[in-house]
Amino acid sequence: MFMRVLNKWIQKEPSKNAITILKDRYFLKDGEGNYLESTWDEVAKRIARHVAAAEVNYTNDVEEIKNAEEHFYQLIKSRIFLPNSPTIFNAGKTMDRQLFKKDIEETTLEDYKTIFDSRTKHNMLSACFVIPMDDSMNAIFDAVKNAALIMKYGGGVGYDFSVLRPKGSSIAGTGGKSSGPISFMHVFNTAASTIEQGGARRAAQMAVLRYDHPDVFDFINSKKDNKGNNVLNYFNISVNIDNPKEFKKMLEEDGDLTLEHPASSIRKTIKANDLMNKMVENAWKTGDPGMLFLGRHNQYYAMSEHTPVTATNPCGEEPLPPFGSCNLGSIDVAKLVEDMDLGNPNSDDISEFQEIIYWAVRFLDDVIESNIYPLKEIEEISKKQRFIGLGMMGLADALYIKELPYNSEQARKFMAKLTAELAYFSHIASTELAKERGNFQDFQRSKYPDGFIPFPMLDDEIDEDIKAWNEKIRQHFQGEATKYKRNVQTNTIAPTGSISNLADTSSGIEPNFLLSYVRYMTNKEGDRVPLSYINPILMEKIGTNMTEELKAEIIEKGSIQNIDSIPNEIKKIFVTSMDIPPKDHLLAQHVIQSYLDASCSKTINMPKSSTIEDVKAIYLQALELNLKGLTIYRDGSLETQVLTSASKE
Ligand code: UDP
Numbered sequence: 000m001f002m003r004v005l006n007k008w009i010q011k012e013p014s015k016n017a018i019t020i021l022k023d024r025y026f027l028k029d030g031e032g033n034y035l036e037s038t039w040d041e042v043a044k045r046i047a048r049h050v051a052a053a054e055v056n057y058t059n060d061v062e063e064i065k066n067a068e069e070h071f072y073q074l075i076k077s078r079i080f081l082p083n084s085p086t087i088f089n090a091g092k093t094m095d096r097q098l099f100k101k102d103i104e105e106t107t108l109e110d111y112k113t114i115f116d117s118r119t120k121h122n123m124l125s126a127c128f129v130i131p132m133d134d135s136m137n138a139i140f141d142a143v144k145n146a147a148l149i150m151k152y153g154g155g156v157g158y159d160f161s162v163l164r165p166k167g168s169s170i171a172g173t174g175g176k177s178s179g180p181i182s183f184m185h186v187f188n189t190a191a192s193t194i195e196q197g198g199a200r201r202a203a204q205m206a207v208l209r210y211d212h213p214d215v216f217d218f219i220n221s222k223k224d225n226k227g228n229n230v231l232n233y234f235n236i237s238v239n240i241d242n243p244k245e246f247k248k249m250l251e252e253d254g255d256l257t258l259e260h261p262a263s264s265i266r267k268t269i270k271a272n273d274l275m276n277k278m279v280e281n282a283w284k285t286g287d288p289g290m291l292f293l294g295r296h297n298q299y300y301a302m303s304e305h306t307p308v309t310a311t312n313p314c315g316e317e318p319l320p321p322f323g324s325c326n327l328g329s330i331d332v333a334k335l336v337e338d339m340d341l342g343n344p345n346s347d348d349i350s351e352f353q354e355i356i357y358w359a360v361r362f363l364d365d366v367i368e369s370n371i372y373p374l375k376e377i378e379e380i381s382k383k384q385r386f387i388g389l390g391m392m393g394l395a396d397a398l399y400i401k402e403l404p405y406n407s408e409q410a411r412k413f414m415a416k417l418t419a420e421l422a423y424f425s426h427i428a429s430t431e432l433a434k435e436r437g438n439f440q441d442f443q444r445s446k447y448p449d450g451f452i453p454f455p456m457l458d459d460e461i462d463e464d465i466k467a468w469n470e471k472i473r474q475h476f477q478g479e480a481t482k483y484k485r486n487v488q489t490n491t492i493a494p495t496g497s498i499s500n501l502a503d504t505s506s507g508i509e510p511n512f513l514l515s516y517v518r519y520m521t522n523k524e525g526d527r528v529p530l531s532y533i534n535p536i537l538m539e540k541i542g543t544n545m546t547e548e549l550k551a552e553i554i555e556k557g558s559i560q561n562i563d564s565i566p567n568e569i570k571k572i573f574v575t576s577m578d579i580p581p582k583d584h585l586l587a588q589h590v591i592q593s594y595l596d597a598s599c600s601k602t603i604n605m606p607k608s609s610t611i612e613d614v615k616a617i618y619l620q621a622l623e624l625n626l627k628g629l630t631i632y633r634d635g636s637l638e639t640q641v642l643t644s645a646s647k648e
């Protein structure tokens, strides 16, 4: 209807694998477990109608609302844009099904109002939350309850445990000693273990602790018990180093670091290098802890002077202030690159991509209204600041199509330009919406009226196109954005762990982990269902040369780098996570993060043979680059790897 590329994708049905996942997790069911839906079309319509109904807040013109619904529907049905999982499984839930079965022509303003007014606690649509706690029993157990409610409806929660006094500190009221933050993390973990998110998946949490908290070593070791067993399985953990440059200097000078806490007399002096070495050693062993640079997050967050961010969501891409929430959505760039010259500031296709982004931003902004929040504090700040996280998925597949090796300078320039374009048009869209609907409530107190740019950007010198995007961005933030902004932040790149499977594309900005695999999904009945996959772009590229024998070899190895019969030009392009040197993962994160006001989910994959020193080199490089955080994973270091090629099973 409104775009050329949509017509191409709208008729394409999800793959068999995608349908299996839809059936297991996303199709609505009645109270007895009977399916109420059986097609992607029904799901797309349900989401579009539920979210468009929020527009009753802005207009009485039913045609305008229908227009929004139609655009949302087309974006979702074509799978060019998908919202985060909670929106997919909770939109329209427990509402009158007849309202969603009506043809759009017959839908009335009253119908939209009924949908909007009949929302219940089951319609929680956001993926990301941060819950605060105080250093008191009451506050800690309130936080456990609040987090449990969020997780029940499908949200991930992050916490800053730094506020809790260290183990062994006195407690005035009882004369006893505190058991410390790590003991409380176990309480949250146990609560999470009893919850199935949205009735469909495991709960996920992030724990953050400052690097100078006296319990920081216990924290770093917290994911193994005394016997070496894995514990705290419902947590990712990150050490917050507020000022990475200063920490790096401390390491270079082999300086001392004082561990202390305002509510405790406990003080310890350690070598900064001892802390670094412990983090690196554990990350080498298990991938945890990650590093988080909240100081940098706050530097690029327009409200940091009033409500600084204190933690991130479980996968690290969304920093939030206490009680903050964010809903995410992702554009599948692999579905667009064949027909659009993405990233090019002078392209003729710009208006089409801009239009996709405008409707995606409008959708996410509508989600803020159509969402039911688990707590009034969350509703308050979410509506005052209006965080949304539009990101992308399918980057690796897009690079295959464009024949750019992920680990090349050319690909990095493309990544930077594409993210700059996404950021620029998302912010333009947020400004357009502000003109119609008003600024986010806290706008005047934010940094935007002063011409603030919410991300670092790359050097103008790198490339003419990058310079052109930088200039457009500067112009926007020094011009219209000083007056109009609907959303405090607009861009986040999620892992898209589930939704990229629904879209049949590569996840987020990650390289493909494997070019082919068999993945087992345990369904509701407890049966293991095999989902087998071979990258369709590779299949097409190899064409008629793809013999059954070759296919079997690719499935066996997961990568094509050691297959003699495949030409080198193809090997260069079709790289996997493990084929790429860690530093190239880091550089990809760097260029992409340079244009994101929130952050991105990115794992620096390292080969199994990497040494502790190799991990340390990456950690040091991350302190130097303008990154907002770091997560590494050494192949084989966790027993429960989700995907394995046939040869590694
Ligand atoms: N998330 C969660 N539990 C999960 C997976 C994800 O709570 O099992 C939350 C978490 O906040 C994460 C965010 O959803 O950072 C986005 O993850 P992803 O993009 O993988 O989710 P999807 O929308 O694809 O399900």
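Counting in numbering that gives the first Met the number 0, the sequence shown runs from 0 upward without gaps.
Glycine included, each C-beta is placed from N, C-alpha and C at the ideal position.
Residues of the same chain with a CB within less than 8 Å of the CB of Ser178, apart from the 5 flanking positions on each side, are Lys166 in chain order.
DSSP places Ile330 in the strand class (E or B) of the three-state scheme. The DSSP assignment places complete alpha helix (DSSP H) segments of no fewer than 4 residues inside the stretch 249-293 at 271-285, in order along the chain.
Shortest Cα-Cα distance from Phe322 to any of Pro131, His584, Pro566, Arg201 involves Pro131. Counting only heavy atoms of ligand 1, the residues whose C-beta sits closer than 5 Å to one of them are, along the chain, Asn83, Ser84, Ala126, Cys127, Gly155, Arg200, Ala203, Asn312, Pro313, Cys314, Ala493, Pro494, Thr495, Gly496, Ser497, Ile498. Between Tyr423 and Lys466 the beta-carbon gap is near 13 Å, outside 8 Å, which marks them as no contact. Assignment of beta-bridge partners to Pro82 by DSSP yields Gly328. Gly342 counts as buried, since no fewer than 16 other beta carbons sit within 10 angstroms of its beta carbon. The Cβ atoms of Ile508 and Ser636 lie no closer than 9 Å to each other.
A direct Cα-Cα distance of roughly 48 Å separates Ser263 from Glu479. Unbroken beta strand (DSSP E) stretches of 3 residues or longer found wholly inside the stretch 580-636: 603-605, 631-633, given in chain order. In this structure Arg527 is exposed. Its beta-carbon is surrounded by fewer than 16 other beta-carbon atoms within 10 angstroms. The three-state secondary structure of Val186, taken from DSSP, is helix. Here the alpha carbon of Val332 sits roughly 8 Å from the alpha carbon of Ile79. Between Val238 and the set Cys314, Met278, Asn272, the nearest pair of CA atoms involves Met278. Here Lys446 is not bridged, per DSSP, to any residue. For the pair of segments examined, the stretch 276-295 was found not to touch the stretch 248-258: the number of CB pairs separated by less than 8 Å stays below three.
By the Cβ criterion, the stretch 440-456 is not in contact with the stretch 367-378, since fewer than three pairs of Cβ atoms, one from each stretch, lie closer than 8 Å.
Beyond the five residues adjoining it in sequence on each side, Lys28 comes within less than 7 Å, by CB distance, of Tyr34, Leu35 in the same chain, given in chain order. Judged by DSSP in its simplified three-state form, Arg118 adopts coil rather than helix or strand. Taking a 10 Å sphere around the C-beta of Met136, we find fewer than 16 other C-beta atoms and assign the residue as exposed. Per DSSP, Ile20 is not a residue of any beta strand (DSSP E); the alpha helix (DSSP H) it occupies stretches across 15-20.
Judged by DSSP secondary structure, Tyr372 falls outside any alpha helix (DSSP H); it is assigned neither H nor E. Taking the Cα positions, Arg164 is about 34 Å away from Pro85. Straight-line spacing of the CA atoms in Lys401 and Glu408 works out to 14 Å.
Secondary structure of Ser515 (DSSP, three-state): strand. For the pair Leu250 and Ala282, the CB atoms are not nearer than the 9 Å cut-off. Cys325 has its alpha-carbon roughly 11 Å from the corresponding atom of Val487.
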